[in-house]
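In the UniProt record's numbering, the protein residues as written are 1 to 162.
Ideal Cβ positions, reconstructed from N, Cα and C, are used throughout, including at glycine.
Being a predicted model, the structure only gives us computed values, none of them experimental.
This report refers to the structure that appears directly beneath it.
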């Protein structure tokens, strides 16, 4: 507990030695700390693809050709938001969309060879950025953090009502 208090003090500084009950409470909220890390991760991100683009591209690369609805369901992305993401990916030449042969109302999405190369490159960069962001943690601590975040994420998914 003392270690956590020292860390909090180092993060927020002395602020003229005023009582910082509100900031202290914020720093005890994992969601607040995660948000700060997300902001830092976004700052470290280069290029025109964000996490949601990478998630869609990875999904299509893993299971494509695939219907847009399947992507939307699998990633829990609203259909209209997915269209915007796919438009961006298609304009970059990372995916192609064609009418589904069995149901002409649907589109089938497939990753291009350019998209597959871009995905590998961007995942490599993301892993490097992640290593920079989590450099103070040991390998064991990173594994523990990942396991705990995944556990919380899966619990959230179980609670979601469609």
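Simplified DSSP state of residue i, which is helix, strand or coil
i, result
"residue 96", "strand"
"residue 110", "strand"
"residue 51", "helix"
"residue 141", "helix"
"residue 30", "helix"
"residue 102", "coil"
"residue 15", "Confidence in residue 15 is poor, its pLDDT being 47 and thus under 50, which makes the residue's placement too unreliable to answer from."
Bounding residues of the alpha helix (DSSP H) (the contiguous stretch that carries residue i)
i, result
"residue 130", "113 to 133"
"residue 73", "68 to 75"
"residue 90", "79 to 91"
Spatial neighbours of residue i in its chain, beta-carbon cut-off 7 Å, leaving aside the 5 residues before and after
i, result
"residue 92", "none"
"residue 49", "122"
"residue 75", "55, 56 and 59"
"residue 147", "none"
Inter-residue CB distance, residue i and residue j (contact presumed, cutoff 8 Å)
i, j, result
"residue 95", "residue 70", "Not a contact, Cβ separation roughly 14 Å."
"residue 98", "residue 84", "At roughly 19 Å, the Cβ-Cβ gap does not stay under 8 Å, so residue 98 and residue 84 are not in contact."
"residue 27", "residue 33", "7 Å"
"residue 56", "residue 89", "6 Å"
Same chain, Cβ closer than 6 Å to residue i, five either side skipped, listed in chain order
i, result
"residue 72", "79 and 82"
"residue 140", "none"
"residue 118", "94"
Residue i, buried or exposed, once every other Cβ within 10 Å from all chains shown has been counted against 16
i, result
"residue 155", "exposed"
"residue 60", "buried"
"residue 120", "exposed"
"residue 77", "buried"
"residue 68", "buried"
"residue 53", "buried"
Neighbourhood of residue i by C-beta distance below 8 Å, restricted to the same chain and skipping five residues each side
i, result
"residue 47", "122 and 125"
"residue 18", "Because residue 18 sits at a pLDDT of 46, beneath the cut-off of 50, its placement in the model cannot be relied upon, and the following sentence gives the value as read from the coordinates. Closer than 8 Å at the Cβ level, and outside the excluded window around residue 18, lies no residue."
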